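S.K.: I'd like to ask some things about the structure below.
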Amino acid sequence: MKRILAVLAALILAVFALTACSDNNDSSDNDSADHDGMAMTSMPMTSMPTSMSMPSMPLGMSTPGASSMGIVISGFEYSTPESVMPGQALTIQNNDTVEHSVTSDTAGLFSEDIEAGETETITVPNEPGTYTFHCTYHPSMRGTLTVK
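Residue numbers (mature numbering (1 follows the signal peptide of the UniProt record, and there is no 0)): -20 to -1, 1 to 128.
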């Protein structure tokens, strides 16, 4: 249940982040105040959906192949997709207020530091298998990545 809530929260945050980053300004005016994204008055108001559609598959289940969702770090825990494709780019979102890392237990396979609130990308190993990883800053944080 905790994982389902974490995944749902990550999806909602992603939707809000993408909505906030979109540029719906059709104006041809090049005034920097209208394009810096900082002024609330220059952002168009959009209506929020009154309901959310549920996924066609139960949460926790995945379609054959790999998930397009990346690794989410929140509450000093990793949330990982059920499986990923060999060699794919995988995003890592750090939702905590401190820096973390995703460092393979196999030396040199992958290692990425992610600042608080930031997103980074790693390349998944090309060989199918199960890969364990940890946070170099918080050794009790451990995760597993399944490559199919």
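C-beta: ideal position from N, C-alpha, C; glycine also. Just so you know, these numbers come straight off a predicted model, no measurement behind them.
How about Glu79 and Tyr117: are their beta carbons less than 8 Å apart?
M.R.: Locating residue 79 in the sequence shown gives position 99, where the first residue counts as 1. Locating residue 117 in the sequence shown gives position 137, where the first residue counts as 1. The answer is yes: Cβ separation under 8 Å.
S.K.: My assumption, with CB atoms under 8 Å, is that Phe113 sits in contact with Asp85. Please give the rounded CB distance.
M.R.: Residue numbering aside, residue 113 sits at position 133 when the sequence shown is read from its first letter. Residue numbering aside, residue 85 sits at position 105 when the sequence shown is read from its first letter. 6 Å between Cβ atoms; contact.
S.K.: Please classify Gly50 as buried or exposed, where buried requires at least 16 neighbouring CB atoms within 10 angstroms.
M.R.: Indexing the sequence shown from 1 puts residue 50 at position 70. Result: buried.
S.K.: So, for Lys128: in the same chain, excluding its five sequence neighbours on each side, which residues have a beta-carbon less than 6 Å away from its beta-carbon?
M.R.: Position 148 of the sequence shown, counted from the start, is the residue given in the question as residue 128. Excluding sequence neighbours, Lys128 sits near Ser63 and Pro108.
S.K.: Measuring alpha carbon to alpha carbon, tell me which residue in Phe90, Thr126 and Val82 is nearest Ile72.
M.R.: Counted from its first residue, the sequence shown places residue 72 at position 92. Among Phe90, Thr126 and Val82, the Cα nearest to that of Ile72 belongs to Val82.
S.K.: Relative to the alpha-carbon of Thr126, which residue among Ser54, Asn74, Asn75 and Gly67 has its alpha-carbon at the smallest distance?
M.R.: Within the sequence shown, the letter at position 146 stands for residue 126. Comparing Cα positions, the closest option is Gly67.
S.K.: Do Ile94 and Asn74 have their C-beta atoms closer together than 8 Å?
M.R.: As a first step, residue 94 must be located in the sequence shown, where it is residue number 114. As a first step, residue 74 must be located in the sequence shown, where it is residue number 94. Contact: yes.
S.K.: Cα-Cα, which of Ser59, Ser91, Ile53 and Leu89 is closest to Thr77?
M.R.: Counting from one through the sequence shown, the residue named residue 77 turns up at place 97. Ranking the options by Cα distance to Thr77, first place goes to Ile53.
S.K.: Starting from Tyr117, trace the beta strand (DSSP E) both ways and give me its first and last residue.
M.R.: Stepping through the sequence shown from its first residue, residue 117 is reached at position 137. Taken as a continuous stretch (DSSP letters only), Tyr117 belongs to no beta strand (DSSP E), as it is neither H nor E.
S.K.: Following the continuous beta strand (DSSP E) through Thr103, name the residue where it begins and the one where it ends.
M.R.: If you number the sequence shown from 1, residue 103 lands on position 123. First-last of the beta strand (DSSP E) with Thr103: Thr99 to Thr103.
S.K.: Rounded to whole angstroms, what's the CA-CA distance from Thr61 to Arg122? Just pull it up for me.
M.R.: Residue 61 sits at position 81 when you count from the first residue of the sequence shown. Residue 122 sits at position 142 when you count from the first residue of the sequence shown. Strictly speaking, residue 61 in this sequence is Pro, with Thr absent from that position. If you take the alpha carbons of Pro61 and Arg122, they lie about 14 Å apart.
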